[in-house]
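Data first, discussion second: the structure below is written as structure tokens.
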């Protein structure tokens with residue numbers, strides 16, 4: 050459901066029910082058709098519930114976008130260092146087939162987060178564990194300290210990915226909950242507006258108070 054459309058539906062329900070409850074003459078007429086103050090209170094509870102869940106859904110999506118931006122920024126920074134180090138390692142270790150395989154730097158770099166994390170983690174873990182590799186990379190200023198810092202940056206990306214996936218799940222769950230609340234409100238409002246049109250067919254001004262404008 051489109052957020053703007055949902056906001057409009059909730060506002061329409063709020064205006065219609067609030068005005069129906071707030072106008073004694075209007076309430077009296079509607080009561081004759083079953084829409085007493087008690088019944089209208091049910092509708093009020095539905096739009097209030099839908100409004101709360103709409104606000105919750107927007108909050109969850111805001112948190113998801115924030116987590117995604119943090120993840121993208123961390124990945125960009127870590128990948129910039131990683132790709133540079135991979136390129137240099139390929140050159141300095143070009144004759145060491147075992148090292149190239151151990152560091153997983155012979156083929157293309159994977160683009161998915163899971164693939165990238167796997168390749169980067171293998172590179173740093175195995176580079177730090179191999180004295181020969183460390184000695185060769187150190188000649189290019191890729192020291193043990195540099196590799197350790199880069200490995201930590203990759204771990205930070207993994208942490209941020211976990212947060213982003215959680216926020217994404219929360220946002221999707223909030224959307225499902227919101228949609229059910231809005232559908233329940235729409236169902237209630239459909240009957241209410243249908244009855245109101247019949248009850249107030251000779252009183253267009255009262256229909257307008259409910260936000261219902263009939264074609265002239």
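Numbering (our numbering), first residue to last: 50 to 265. Glycine included, C-beta positions come from ideal geometry on N, C-alpha and C. Everything numeric in this text was worked out from a predicted model, so none of it was measured.
- Of the other Cβ atoms in all chains shown, 16 or more fall within 10 Å of the Cβ of residue 196; this residue is therefore buried.
- Measuring C-alpha to C-alpha distances from residue 183 to each of 210, 168 and 138 identifies 138 as the nearest.
- Of the residues 245, 193, 145 and 216, the one whose Cα lies closest to the Cα of residue 105 is 216.
- Residue environment: residue 224 is assigned as buried (16 or more neighbouring CB atoms within 10 Å of its CB, all protein chains considered).
- Relative to residue 161, the option among 210, 84, 108 and 261 whose CA is nearest is 210.
- In the DSSP annotation of this structure, the continuous segment of the alpha helix (DSSP H) that includes residue 87 starts and ends at 86-141.
- Between residue 153 and residue 172 the beta-carbon gap is near 6 Å, inside 8 Å, which marks them as a contact.
- Scanning its chain for C-beta atoms nearer than 6 Å, with the 5 sequence neighbours on each side dropped, one finds around residue 135 the residues 154, in chain order.
- In the structure shown, residue 261 adopts coil according to DSSP, grouped into three states.
- Taking C-beta atoms as the reference points, residue 65 and residue 260 count as a pair closer than 7 Å.
- A distance below 7 Å separates the beta carbons of residue 213 and residue 116.
- The C-beta of residue 246 has fewer than 16 other C-beta atoms within 10 Å across all chains shown, which makes the residue exposed.
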